[in-house]
Amino acid sequence: GNERHRTMELSMKQKMHKKNDDLKSLDDVPDEPVIATTHVDDSRLARCSILWCTAGAAGLLALSGLAALAGSEFAPILMAVVGLGLCIVFSCIGAPFQVVFVPTNSVCVMEQFGRYTRLLPAGVHFLSTFEKAKVVSWTYHTAGTTSKKRKLTSISLAEQMYDFPAFKMLTRDGVNVTVDPVMYYRISNASKAVYNVVDLTASMEQIVETSLRAILSKMSFAEAEGGGFEKHISEDVVRHLSSVMKQWGITITRLQIQSFMPPQDILAMRHARLLAAQKRDISLKDAQNAVECARLAAERMTLEKKAEAEARAVAINIQASAEAKRLAVVSKANAEAVSNLVKALAADGGAPAEPRSVLSFLSQERYLNHLPKILGDQSRDRKLVVLPYDASQINPTLQTSTMANMLSSVKVE
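Note that the working numbering has the sequence shown beginning at 20, numbered continuously upward.
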């Protein structure tokens, strides 16, 4: 029993050493193995073709000799047995029985008896019977949290996008947020991507989620929403993921956050705050509009009053100018009347009259003519008599005529 146990331990150690050697051999594979494998495939194909032709010719010669020695009865049986044996031998030494087509900018991982052999570049390749392409099974998320495995025989070396599912995470202050990241990457070493990790896409998803969760747990919600989360992603997370995924043959181009959603209660609070801010802005605008309307109304009233004052001043100026012109015309007419009266008196042969006495006579006449207007309508019950203040200064002729008119207009009861 002890001997059997030691034998099992020894075999396990040998297997572990063999696995480590295989991993070391994978680490030695360059990131771009396409150029190194092209010449190997061409030389292998040429060597296999030469072996096939030589072996075929030798087989035909052997079959012909055996048929001649054995006679006509056993010739078909011998030919069938020898042909089957030749097929088995040719398959073992690497005769090309398979054709593989590799797409552009892709590689195909090849194995023989379960052991990694080489990478096939883009193009047409002829393979031996015991060499086959490695079938890779990776997990992909199709919609939401639904995932399914895809089996790949060729691995693309172009830049790819992996849209991760939305992750629910907690900030330092206990706010539950939903983060939806997306990563752009490129497979630089297909052999490492196949053999150094079991499921590449699932492993990438786990390590990205863990890294984002570790960063977000050290930040408050305000810091994360203010741009600190994306800054840490572009600096720390990408650097950490690049160092880890380099062992898997992955080169990260960039990692971005498509959406950063807070919980519904915070969204409701923000919505209410936004509505309150909008109402406050509307009220402020209404108040500003009211103040502006009042100011414009006051300015309008001021302008109207100013316009009225200017119009009144213009009217007064026009009236004063008209009155001045009227007085000038009246003065001129009075002067002409006095002059004409003086000339008329002198023409009648009377004593020459002075213009001053003539002007005094005309003024007294105008004064006495306005006395009835002062008395007003005497048809009413009025017992008012108006006499001149100083009748001695009035011309005697005017005194007699004026007094007669005034007494005739007075109604005595």
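Beta carbons: idealized from backbone N, C-alpha and C, even for Gly.
Predicted model only: the values in this text are computed from it and were never measured.
Fill in: Cα-Cα separation between Met202 and Glu228, rounded to whole angstroms
The residue labelled residue 202 in the question sits at position 183 within the sequence shown. The residue labelled residue 228 in the question sits at position 209 within the sequence shown. Going from the Cα of Met202 to the Cα of Glu228 covers about 12 angstroms.
Item to complete: With Ala177 as the anchor, note down where its beta strand (DSSP E) starts and where it stops.
Response: The count along the sequence shown starts at 1 and reaches residue 177 at position 158. Annotation for Ala177: no beta strand (DSSP E) segment contains it, and DSSP assigns it neither H nor E.
Worksheet item: By Cβ distance, which residues of its chain are closer than 8 angstroms to Leu231, with the 5 residues on each side in sequence left out?
Response: Position 212 of the sequence shown, counting from 1, holds the residue named residue 231. Closer than 8 angstroms at Cβ, skipping near neighbours: Phe186, Met188, Val198, Pro200, Ile252 and Val256.
Worksheet entry | Spatial neighbours of Met264 in its chain, beta-carbon cut-off 8 angstroms, leaving aside the 5 residues before and after | Locating residue 264 in the sequence shown gives position 245, where the first residue counts as 1. Excluding sequence neighbours, Met264 sits near Tyr204, Met223, Ile226, Thr270 and Ile271.
Item to complete: Quick one: residues in its chain with C-beta nearer than 6 angstroms to the C-beta of Ser278, no 5 flanking neighbours on either side, listed in chain order?
Response: As a first step, residue 278 must be located in the sequence shown, where it is residue number 259. Only residues of its own chain outside the window of five on either side were considered, and among them Asp199 have a CB closer than 6 angstroms to the CB of Ser278, listed in chain order.
Worksheet item: At which residue ranges does the stretch 192 to 248 contain complete beta strand (DSSP E) runs of 3 or more residues, listed in the order of the chain?
Response: Listed in chain order, they are 195 to 206.
Item to complete: Would you tell me roughly how many angstroms separate the C-alpha atoms of Leu219 and Lys168, rounded to the nearest one?
Response: As a position in the sequence shown, residue 219 is number 200, starting the count at 1. As a position in the sequence shown, residue 168 is number 149, starting the count at 1. For Leu219 and Lys168, the distance between alpha carbons rounds to 11 angstroms.
Practice prompt. Please name the residue, chosen from Phe183, Ala363 and Glu327, that lies closest to Ile276 on a Cα-to-Cα basis.
Written response: As a first step, residue 276 must be located in the sequence shown, where it is residue number 257. Nearest C-alpha to Ile276: Phe183.
Discussion item. Judging by CA-CA distance, which residue of Val196, Gly245, Arg258 and Gln297 is the nearest neighbour of Met280?
Written reply: Position 261 of the sequence shown holds residue 280. The alpha carbon of Met280 has as its nearest neighbour, out of Val196, Gly245, Arg258 and Gln297, the alpha carbon of Val196.
Discussion item. So, with DSSP's three-state summary, where would you put Ser340?
Written reply: Counted from its first residue, the sequence shown places residue 340 at position 321. DSSP places Ser340 in helix when its eight states are reduced to three.
Worksheet item: Can you find at least 3 beta carbon pairs, one from the stretch 143 to 153 and one from the stretch 122 to 134, that sit closer than 8 angstroms?
Response: Taking 8 angstroms as the limit for Cβ pairs, the verdict is that the stretch 122 to 134 does touch the stretch 143 to 153.
Worksheet item: Secondary structure at Val154, three-state DSSP: helix, strand or coil?
Response: Counting from one through the sequence shown, the residue named residue 154 turns up at place 135. DSSP places Val154 in coil when its eight states are reduced to three.
Worksheet item: What are the boundary residues of the beta strand (DSSP E) that includes Ser278?
Response: Position 259 of the sequence shown, counted from the first residue, corresponds to residue 278. Unbroken beta strand (DSSP E) run through Ser278: Ile269 to Met280.
Worksheet item: Helix or strand or just coil, what does DSSP make of Thr321?
Response: Numbered from 1 along the sequence shown, position 302 holds the residue referred to as residue 321. Note: Thr321 maps to helix in three-state DSSP.
Discussion item. Within 10 Å of its beta-carbon, does Ala212 have 16 or more other beta-carbons around it, so buried, or fewer, so exposed?
Written reply: For this step, residue 212 is matched to residue 193 along the sequence shown. It counts as buried.
Practice prompt. Use the C-beta contact count for Phe248: other C-beta atoms within 10 angstroms, 16 or more gives buried, fewer gives exposed.
Written response: Position 229 of the sequence shown, counted from the first residue, corresponds to residue 248. That one is buried.
Worksheet item: Under a three-way DSSP split, which group does Ser147 fall into?
Response: Stepping through the sequence shown from its first residue, residue 147 is reached at position 128. Ser147: coil per DSSP, three-state reduction.
Worksheet item: What is the C-beta distance between Val119 and Ala152, in whole angstroms, given that I count them as a contact (C-beta under 8 angstroms)?
Response: The residue you call residue 119 lines up with position 100 of the sequence shown. The residue you call residue 152 lines up with position 133 of the sequence shown. Rounded to whole angstroms, the Cβ separation of Val119 and Ala152 is 6 angstroms, and the two are in contact under 8 angstroms.
Worksheet item: The alpha helix (DSSP H) spanning Val257 covers which residue range?
Response: Position 238 of the sequence shown, counted from the first residue, corresponds to residue 257. Val257 -> alpha helix (DSSP H) spans Val257 to Met264.
Worksheet item: Between Val349 and Asn336, what straight-line distance do the alpha-carbon atoms span, to the nearest angstrom?
Response: As a working note, residue 349 is residue 330 in the sequence shown. As a working note, residue 336 is residue 317 in the sequence shown. Take the alpha-carbon of Val349 and the one of Asn336: they are about 19 angstroms apart.
Worksheet item: Could you give the residue range of the beta strand (DSSP E) that holds Phe186?
Response: Here residue 186 refers to the residue found at position 167 when the sequence shown is read from its first residue. Per DSSP, the unbroken beta strand (DSSP E) holding Phe186 starts and ends at Phe186 to Leu189.
Fill in: Bridge partners - Gln479, DSSP secondary structure assignment
Given a span of 20 to 432 for the chain in the structure shown, any question on residue 479 remains unanswerable.
Discussion item. Would Asn124 and Ala209 be called neighbours here (beta carbons separated by less than 9 angstroms)?
Written reply: Working through the sequence shown from its first residue, we reach residue 124 at position 105. Working through the sequence shown from its first residue, we reach residue 209 at position 190. Cβ atoms of Asn124 and Ala209: not closer than 9 angstroms.
Worksheet entry | Best match in Arg289, Glu327 and Ile174 for proximity to Ser156 [C-alpha to C-alpha] | Looking up residue 156 in the sequence shown gives position 137. Nearest option by C-alpha distance: Ile174.
Worksheet item: Nearest CA to the CA of Tyr214: which residue from Thr136, His259, Ala241 and Thr190?
Response: To locate residue 214, count along the sequence shown from 1; it is residue 195. Taking each of Thr136, His259, Ala241 and Thr190 in turn and checking the Cα distance to Tyr214, the smallest one comes out for Thr136.
Discussion item. Here's the rule: buried if 16 or more other CB atoms are within 10 angstroms of the residue's CB, otherwise exposed. What is Val143?
Written reply: Within the sequence shown, the letter at position 124 stands for residue 143. Counting Cβ neighbours within 10 Å, Val143 comes out exposed, since fewer than 16 surround it.
Item to complete: Using the Cα positions of Lys298 and Ala291, report the straight-line distance between them to the nearest angstrom.
Response: Here residue 298 corresponds to residue number 279 of the sequence shown, with the count starting at 1. Here residue 291 corresponds to residue number 272 of the sequence shown, with the count starting at 1. One Cα belongs to Lys298, the other to Ala291, and the distance between them is close to 10 angstroms.
Practice prompt. Could you say which of Ala313, Met238 and Arg273 lies nearest to Glu254 if we only look at CA atoms?
Written response: One-based indexing of the sequence shown puts residue 254 at position 235. Looking at Ala313, Met238 and Arg273, the one whose alpha-carbon comes closest to that of Glu254 is Arg273.
Worksheet entry | CA-to-CA distance, Trp267 to Ala233, given in whole angstroms | Residue 233 sits at position 214 when you count from the first residue of the sequence shown. Residue 267 sits at position 248 when you count from the first residue of the sequence shown. Answer to the nearest angstrom: the Cα atoms are 22 angstroms apart.
Worksheet item: With 16 other CB atoms within 10 Å as the buried threshold, where does Thr321 fall?
Response: Mapped onto the sequence shown, residue 321 falls at position 302. Around the beta carbon of Thr321, fewer than 16 other beta carbons lie within 10 angstroms, which makes this residue exposed.
Worksheet entry | Contact set for Lys304: own chain, Cβ-Cβ below 7 angstroms, skip 5 residues either direction | Here residue 304 is taken as the residue at index 285 of the sequence shown, counted from 1. Taken in chain order, the list of residues that qualify is empty.
Discussion item. Considering only their Cβ atoms, is the gap separating Thr158 from Phe240 smaller than 9 angstroms?
Written reply: Residue numbering aside, residue 240 sits at position 221 when the sequence shown is read from its first letter. Residue numbering aside, residue 158 sits at position 139 when the sequence shown is read from its first letter. No.
Worksheet item: Distance, Cα to Cα, Cys127 vs Val154?
Response: The sequence position of residue 127 within the sequence shown is 108, counting from 1. The sequence position of residue 154 within the sequence shown is 135, counting from 1. Cα-Cα distance, rounded: 9 angstroms.
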